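Here's the structure, in structure tokens; my notes come after.
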Amino acid sequence: MHRHLSRTLCLAVAMCAALVTTALAVTPPAGTPDLSKMVIQASDLAPGAKILNDGYTAPASGVVADYSRAWRPATTAGGVRLVVASTAILLFSSTANAGTVFAGEKRIFKSKAERPLVARLIALSAGHSGLKTKNIDFGRIHSFAIGNGAFELPVTLHLKGSHAAIGIFIVNVDDVVADVLVASGGRGAAAKGGQELTTDVAAHVTTVLGSTGATGPTGSTGPTS
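Read in order, the letters of the sequence shown are residues 135 to 359 in our numbering.
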């Protein structure tokens with residue numbers, strides 16, 4: 135499985151369990167745009183949201199730069215209440231490369247043959263002894279006309295006495311693939327809030343790339359909110 139995909143799943147589970155920690159600062163490559171302006175911004179959320187983690191992280195093979203930001207709690211500007219909302223922005227060397235990764239992720243997430251492996255990765259990464267693969271349900275992939283293309287994989291985690299709805303949204307905008315991950319107590323909120331924030335993120339990516347292109351200026355490291 136692609137290393138980026140495994141990271142996406144781990145981030146989704148960590149986000150749901152509120153285990154996201156501050157990453158070590160990584161200096162972004164020179165000449166890349168400011169990815170901190172592409173993630174979910176404070177203006178996308180209602181007052182009161184707090185940042186859990188924020189900064190560049192070491193990119194996987196084939197990725198030029200990688201930036202993540204997570205918020206908790208996170209009520210969207212449209213009024214949808216979420217437990218946590220997170221974005222991971224991955225910059226590639228070309229639109230073709232980004233499109234290839236986006237298409238590959240969609241094939242894997244859509245494949246029923248891959249679901250047992252995906253469930254095992256989620257269960258192993260959750261750090262919750264009560265979460266078993268049999269307690270993880272996957273919904274049907276939903277596609278959206280956002281950016282160059284977007285889709286959502288709904289996931290429900292059934293824990294003792296409770297459950298959590300996770301929306302894993304992936305969107306491709308030119309040289310960027312963005313993961314928007316949301317968690318809530320109900321499926322409706324995860325779907326609505328995740329789509330709203332994915333639309334926001336796609337707009338941010340378009341604005342940054344439209345003003346600077348995919349070659350700069352280089353963004354800052356660490357918290358930028």
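Where is the CB? At the ideal position from N, CA and C, for every residue including glycine.
Predicted model only: the values in this text are computed from it and were never measured.
Exposure of residue i, with buried meaning 16 or more beta-carbon neighbours within 10 Å
i: G90; result: With the chain represented from 135 up to 359, any question about residue 90 goes unanswered, as that position is not in the structure.
i: K326; result: buried
i: T333; result: buried
i: A237; result: exposed
i: T161; result: exposed
i: T341; result: exposed
i: P163; result: exposed
i: S318; result: buried
i: A324; result: buried
i: A230; result: exposed
i: A176; result: exposed
i: A192; result: exposed
Rounded C-alpha distance that separates residue i from residue j
i: T156; j: G212; result: Because the pLDDT of T156 is 44, which lies under 50, any placement of that residue in the model is unreliable, and the question is left without a value.
i: H338; j: S202; result: 14 Å
i: A180; j: I304; result: 23 Å
i: T349; j: R254; result: Residue placement at T349 is poorly supported in this model, since its pLDDT is 47, which falls under 50; the coordinates still yield a value, given next. Between T349 and R254, the C-alpha separation is close to 38 Å.
i: I185; j: A204; result: 6 Å
i: K266; j: A257; result: 6 Å
i: Y190; j: V335; result: 17 Å
i: G283; j: V307; result: 7 Å
i: S220; j: V173; result: 8 Å
i: R249; j: D188; result: 30 Å
i: S170; j: A194; result: 18 Å
i: A232; j: I300; result: 24 Å
i: L216; j: G165; result: 35 Å
i: V197; j: A298; result: 31 Å
i: G320; j: V218; result: 13 Å
Residue i vs residue j beta-carbon contact at 8 Å
i: Q329; j: F278; result: yes
i: K244; j: I275; result: yes
i: A183; j: L225; result: no
i: L293; j: N269; result: yes
i: K246; j: F285; result: no
i: L291; j: I302; result: no
i: V311; j: V214; result: no
i: D309; j: A222; result: no
i: T209; j: L331; result: no
i: P167; j: L343; result: yes
DSSP-derived helix/strand/coil call for residue i
i: R321; result: helix
i: I242; result: helix
i: T156; result: Low confidence applies to T156: its pLDDT is 44, below 50, so where it sits in the model is not reliable enough to give any reading.
i: P181; result: coil
i: S170; result: helix
i: R274; result: coil
i: T341; result: helix
i: N282; result: coil
i: A257; result: helix
i: G165; result: coil
i: D334; result: helix
i: L293; result: strand
i: L251; result: helix
Those runs of the beta strand (DSSP E) which lie wholly inside the segment 181-241 and span at least 3 residues | As for any beta strand (DSSP E) of minimum length 3 sitting wholly inside the segment 181-241, the runs are 185-191, 199-205, 218-225, ordered along the chain.
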